[in-house]
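Have a look at the structure below, then the notes.
2 protein chains.
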Amino acid sequence: MGRTVDVTELVLRDGHQSLLATRMAMADMVPICSEIDAAGYWSVECWGGATFDACIRFLNEDPWQRLRTFRELLPDSRLQMLLRGQNLLGYRHYEDGVVNRFVEKAAANGMDVFRVFDALNDPRNIRQALEAVKRTGRHGQGTICYTISPMHSVATFVDMAEQLMEMGSDSICLKDMAALLKPQPAYDIVRGIKQRCGEQTRVHVHVHATTGVTLVSLMKAIEAGADAVDTSISSMSLGPGHNPTEALVELLEGTGYETRLDKTRLLKIKKHFAKVRPRYAKFESDLIGVETEIFDSQIPGGMISNMESQLKQQGVGDRLHEVMAEVSVVRRDAGYPPLVTPSSQIVGTQAVFNVLMGRYQVMTGEFADLVLGYYGSTLGRPDPALIEVAEKQAKKGPITCRPADLLVSDWDELSATAHGLKGNDGSVEDVLTYAMFPQVAPKFLTSRASGPTDPTEESGGGNSPAVAVRRDGGLAPITTPVSYDVRIGDRTRQVTVSPA
Amino acid sequence: MGRTVDVTELVLRDGHQSLLATRMAMADMVPICSEIDAAGYWSVECWGGATFDACIRFLNEDPWQRLRTFRELLPDSRLQMLLRGQNLLGYRHYEDGVVNRFVEKAAANGMDVFRVFDALNDPRNIRQALEAVKRTGRHGQGTICYTISPMHSVATFVDMAEQLMEMGSDSICLKDMAALLKPQPAYDIVRGIKQRCGEQTRVHVHVHATTGVTLVSLMKAIEAGADAVDTSISSMSLGPGHNPTEALVELLEGTGYETRLDKTRLLKIKKHFAKVRPRYAKFESDLIGVETEIFDSQIPGGMISNMESQLKQQGVGDRLHEVMAEVSVVRRDAGYPPLVTPSSQIVGTQAVFNVLMGRYQVMTGEFADLVLGYYGSTLGRPDPALIEVAEKQAKKGPITCRPADLLVSDWDELSATAHGLKGNDGSVEDVLTYAMFPQVAPKFLTSRASGPTDPTEESGGGNSPAVAVRRDGGLAPITTPVSYDVRIGDRTRQVTVSPA
Numbered sequence: 083m084g085r086t087v088d089v090t091e092l093v094l095r096d097g098h099q100s101l102l103a104t105r106m107a108m109a110d111m112v113p114i115c116s117e118i119d120a121a122g123y124w125s126v127e128c129w130g131g132a133t134f135d136a137c138i139r140f141l142n143e144d145p146w147q148r149l150r151t152f153r154e155l156l157p158d159s160r161l162q163m164l165l166r167g168q169n170l171l172g173y174r175h176y177e178d179g180v181v182n183r184f185v186e187k188a189a190a191n192g193m194d195v196f197r198v199f200d201a202l203n204d205p206r207n208i209r210q211a212l213e214a215v216k217r218t219g220r221h222g223q224g225t226i227c228y229t230i231s232p233m234h235s236v237a238t239f240v241d242m243a244e245q246l247m248e249m250g251s252d253s254i255c256l257k258d259m260a261a262l263l264k265p266q267p268a269y270d271i272v273r274g275i276k277q278r279c280g281e282q283t284r285v286h287v288h289v290h291a292t293t294g295v296t297l298v299s300l301m302k303a304i305e306a307g308a309d310a311v312d313t314s315i316s317s318m319s320l321g322p323g324h325n326p327t328e329a330l331v332e333l334l335e336g337t338g339y340e341t342r343l344d345k346t347r348l349l350k351i352k353k354h355f356a357k358v359r360p361r362y363a364k365f366e367s368d369l370i371g372v373e374t375e376i377f378d379s380q381i382p383g384g385m386i387s388n389m390e391s392q393l394k395q396q397g398v399g400d401r402l403h404e405v406m407a408e409v410s411v412v413r414r415d416a417g418y419p420p421l422v423t424p425s426s427q428i429v430g431t432q433a434v435f436n437v438l439m440g441r442y443q444v445m446t447g448e449f450a451d452l453v454l455g456y457y458g459s460t461l462g463r464p465d466p467a468l469i470e471v472a473e474k475q476a477k478k479g480p481i482t483c484r485p486a487d488l489l490v491s492d493w494d495e496l497s498a499t500a501h502g503l504k505g506n507d508g509s510v511e512d513v514l515t516y517a518m519f520p521q522v523a524p525k526f527l528t529s530r531a532s533g534p535t536d537p538t539e540e541s542g543g544g545n546s547p548a549v550a551v552r553r554d555g556g557l558a559p560i561t562t563p564v565s566y567d568v569r570i571g572d573r574t575r576q577v578t579v580s581p582a
Numbered sequence: 083m084g085r086t087v088d089v090t091e092l093v094l095r096d097g098h099q100s101l102l103a104t105r106m107a108m109a110d111m112v113p114i115c116s117e118i119d120a121a122g123y124w125s126v127e128c129w130g131g132a133t134f135d136a137c138i139r140f141l142n143e144d145p146w147q148r149l150r151t152f153r154e155l156l157p158d159s160r161l162q163m164l165l166r167g168q169n170l171l172g173y174r175h176y177e178d179g180v181v182n183r184f185v186e187k188a189a190a191n192g193m194d195v196f197r198v199f200d201a202l203n204d205p206r207n208i209r210q211a212l213e214a215v216k217r218t219g220r221h222g223q224g225t226i227c228y229t230i231s232p233m234h235s236v237a238t239f240v241d242m243a244e245q246l247m248e249m250g251s252d253s254i255c256l257k258d259m260a261a262l263l264k265p266q267p268a269y270d271i272v273r274g275i276k277q278r279c280g281e282q283t284r285v286h287v288h289v290h291a292t293t294g295v296t297l298v299s300l301m302k303a304i305e306a307g308a309d310a311v312d313t314s315i316s317s318m319s320l321g322p323g324h325n326p327t328e329a330l331v332e333l334l335e336g337t338g339y340e341t342r343l344d345k346t347r348l349l350k351i352k353k354h355f356a357k358v359r360p361r362y363a364k365f366e367s368d369l370i371g372v373e374t375e376i377f378d379s380q381i382p383g384g385m386i387s388n389m390e391s392q393l394k395q396q397g398v399g400d401r402l403h404e405v406m407a408e409v410s411v412v413r414r415d416a417g418y419p420p421l422v423t424p425s426s427q428i429v430g431t432q433a434v435f436n437v438l439m440g441r442y443q444v445m446t447g448e449f450a451d452l453v454l455g456y457y458g459s460t461l462g463r464p465d466p467a468l469i470e471v472a473e474k475q476a477k478k479g480p481i482t483c484r485p486a487d488l489l490v491s492d493w494d495e496l497s498a499t500a501h502g503l504k505g506n507d508g509s510v511e512d513v514l515t516y517a518m519f520p521q522v523a524p525k526f527l528t529s530r531a532s533g534p535t536d537p538t539e540e541s542g543g544g545n546s547p548a549v550a551v552r553r554d555g556g557l558a559p560i561t562t563p564v565s566y567d568v569r570i571g572d573r574t575r576q577v578t579v580s581p582a
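What follows is the structure, encoded as structure tokens:
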């Protein structure tokens, strides 16, 4: 025995994303980097879509500079990022040239480990990014989004792991964004992957703490052979966040498994964030404690609060339970996509529309795209009757190819536009920032030179913003009113959703 | 497989004791009793020393009436209490006649399951109460206080379990009041008890959540054969409290173990306490989140805050770390008692004195008594040099007999005094209330007729009170200044500790 379990520290990315609406400023992370660097983590997750978005939207911080700073301050650590496959850090599919350039630049600026997932678990949406990572020589981690449905089973997840390994993944991540992964399936899936793909296959397990059961799931995953697990330092853990790093270290004592983590340094990291966290009190999630109702609805906590906010805007906050029941129907009809950005918002919004206007009387453009295959393929086949409705409403046919195969190179156009923006420095990084966040980047580039703003002094704010599907098919926090064109037969009406 | 795991619900006793300073009024528990009664628990813990104390000290509620009300509202449930062995619900040793009368009256008023422990794990302090329980035909649960020291091992705990079973225990409780029980020892001790005492021996496991690891410990205990575990409904769980009931139910899915609990009722119970809890905000513990430092100091969280409060009163709050280190020394010198009421306060106060006045230059009367055997025997032998110092200071010799053997019957005297108190109703219950809380009972009996006060309208308050060792050898929350006579050689000085 005596096997070492590797640990990925989440506090610099998913920790504050889950607990403090991704608002933590770089200035509050810099002082503790040297302790994190020396604590013995396998990797330090520090970059992803929401942190990139928050940097330019709220913090006036250049996310590429944040990455370079982490590289400098964490010289002995593997830096890790979460990458939305063909969506990169944005909300739409990018053509392969953009994907390649993004990965090259992320690696060149210091990224070591790329955790690549797709919201629909469609491996075709993961392949391009993974191959780009491999060309840079960095670590490409193929990712399975864990979900529960009549279509999903241990076998289907193991099948996907096998596909990801065949694509050249250096490791597999089992990613449980909604805290639905119970101990027995955690054990069975990890064991299944090891048996199918070989015991040497590295398996990493990422869980959230929301339902209160997942620390036990991590233990079972470790017993099944998981090589690494994700945790967040205790002062930035639990609730919608993650299991506490120190608890993992302690609970393994005497089991024959151990982490290599330095408890003295962990205590310093804990104390640092315990001191920093209260400054961000207004961004704290309302979801604290344990929410096991998620197991029955299978709807992630953040998605419920978004739907609740949409319903309240329409003056029908009392119909939440109807909508929650409708989510199950919509998800089934759409072929059981996992519920994670952006599928969670697409399914949730359609469920709201079904309840308010009658089932599929009104279909959002995004939901039609989902049903018609424009986000990729789901494990189940969408209801054929629904495909027919979607075809009529969207006035286009279903596809079976990889969605990005329909895209043509738009790099020159993106470059030209980005280079025309005030404040741009002519770098490829700036073009990528613009490509991923075309609505936010122009303002950010203009104000970049004035340096970071203090998020704790933001006016208004409070809690995680609700997120809406934008008309361009992307997603955005609802900070200003968002309008949808709603087609009913031949008539079009506009529905506007505003911040609560 | 398919084994049923029994569950004891803690919310009516230890849940609010740990999270809300034991302040929950009966009026906030009554409305949810019918759901609790039908939810499928093996037992409902609802009575103990602190709840009894809080009833008469803060709530102007008759604790015996509370018990009778629970009996009436939970007709299909086993009611369970925590009993401090020969100390009953008070802080000193009582002679056997008082112990017998207390147990008889508790059973007569409706108690079913008596969990009997001793702070020093001295089985001689448990025997009388356990035998009294057996005579009533109720369930007597012999209890092991889990602690960590160089003297304690899986074997010593299993030895104790064997002794408790030989005394006639109906089941064994492994009680981890400080959240120190890690998964592997949880497994090993439960397995050891089953192997030594027989697989049919019922083992119950009680843990707190403070260190964040103990839900995994419960899982391992279950795998080792534990018959029952203790949890608290999720809206009254975690932090210094317990693991959430619903999380236990969910995490067992697919493991071959299952609870019999009704999830629909659990959700109602959760919602009830989620609604009630905010009213008690001023009593919430400061200790939220996860505190793994406890594993290094082995000092329970509540004990640290008490010591901190004592030090601040003396204007030396900055010496807490010295005192924490000194606790280890004092505990070793005293023969490694578990740190639980009252040994935690006795050891903690002596550590404070050692740091402030030099090691053992001043010895509290209670610490001298501990060292001399007047609380019972510890697993380790106290330092002989220390016994000598204690003998000189206390002007009495060490004992090796059961402490209660030195006591003579004082029932007639207690009865006479109690029956002379204004407001007493002549019942044996009132005599017992007076016997256990001689300083608080007179005022309570006088005001009893005016009925319960609303604890949420108490003036002042806030958080758990610090607890001090009283001059009569008992313990009390520091709500008014408490004075100690401190002997240094021939001189006596008075030290006064007041609420922070």
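Those sequence lines, one after another, are chains Z and B. The first sequence begins at 83 in the working numbering and counts up one residue at a time. The second sequence begins at 83 in the working numbering and counts up one residue at a time. Note that beta-carbon positions come from the ideal geometry of N, C-alpha and C, so glycine has one too.
Whole-angstrom distance between residue j and residue i, CA atom to CA atom
i              : j              : result
R209 (chain Z) : D241 (chain B) : 59 angstroms
R280 (chain Z) : K257 (chain Z) : Before going on, a small fix: residue 280 (chain Z) reads as Gly here, not Arg. Between G280 (chain Z) and K257 (chain Z), the C-alpha separation is close to 20 angstroms.
V453 (chain B) : L171 (chain B) : 23 angstroms
H175 (chain Z) : G447 (chain Z) : 15 angstroms
A261 (chain Z) : A120 (chain B) : 29 angstroms
Q223 (chain Z) : F134 (chain Z) : 20 angstroms
H354 (chain B) : I114 (chain B) : 7 angstroms
P382 (chain B) : L101 (chain B) : 14 angstroms
S317 (chain Z) : V372 (chain Z) : 17 angstroms
T538 (chain B) : T292 (chain Z) : 30 angstroms
T561 (chain B) : K276 (chain Z) : Annotation note: pLDDT 46 at T561 (chain B) (below 50); position unreliable, coordinate value reported separately. Going by the C-alpha atoms only, they are around 60 angstroms apart.
Short Cβ contact (8 angstroms threshold) for residue i with residue j
i              : j              : result
A416 (chain Z) : T460 (chain Z) : yes
S299 (chain Z) : V289 (chain Z) : yes
P267 (chain B) : G336 (chain Z) : yes
T194 (chain B) : R160 (chain B) : Here the sequence assigns Asp to residue 194 (chain B), which means Thr is not the residue at that position. Yes, these two residues count as a Cβ contact at 8 angstroms.
V215 (chain Z) : G167 (chain Z) : no
G122 (chain Z) : H324 (chain Z) : no
Q147 (chain Z) : P205 (chain Z) : no
V87 (chain Z)  : A310 (chain Z) : yes
E143 (chain B) : M106 (chain B) : no
V429 (chain Z) : V409 (chain Z) : yes
R95 (chain B)  : C128 (chain B) : yes
F239 (chain Z) : I230 (chain Z) : no
M389 (chain Z) : V434 (chain Z) : yes
Y228 (chain Z) : P424 (chain Z) : no
T327 (chain Z) : L348 (chain Z) : yes
Residue i - partner residues in DSSP beta bridges
i              : result
Q162 (chain Z) : Z:E127 and Z:V195
A310 (chain B) : B:D88 and B:H286
P267 (chain B) : None, per the DSSP bridge assignment.
L256 (chain B) : B:I226 and B:V287
P326 (chain Z) : Z:S314
Please list the residues of the stretch 379-413 of chain Z that have a C-beta atom closer than 9 angstroms to any C-beta atom in chain B, keeping them in chain order.
-> Hits within the stretch: zero.
Inside the stretch 457-535 of chain Z only - alpha helix (DSSP H) runs reaching at least 4 residues = Fully enclosed alpha helix (DSSP H) runs of 4 or longer: 466-476, 493-501, 510-518 and 523-529.
Residues, ordered as in the chain, of the stretch 284-308 of chain B that lie near chain Z by beta-carbon distance below 7 angstroms = Of all residues in the stretch 284-308 of chain B, the ones placed with a Cβ closer than 7 angstroms to any Cβ belonging to chain Z are T293, G294, V295, L297, V298 and M301, in chain order.
Please specify which runs of the beta strand (DSSP E), each continuous and at least 3 residues long, are wholly inside the stretch 175-221 of chain B, giving them in chain order.
-> Annotation: the stretch 175-221 of chain B contains the following complete segments of the beta strand (DSSP E) (minimum length 3 residues), in chain order: 195-198.
Using a Cβ cut-off of 8 angstroms, which residues of the stretch 250-265 of chain Z contact any Cβ in chain B, in chain order?
-> Taking 8 angstroms as the Cβ-Cβ cut-off, the stretch 250-265 of chain Z approaches chain B at K264 and P265, given in chain order.
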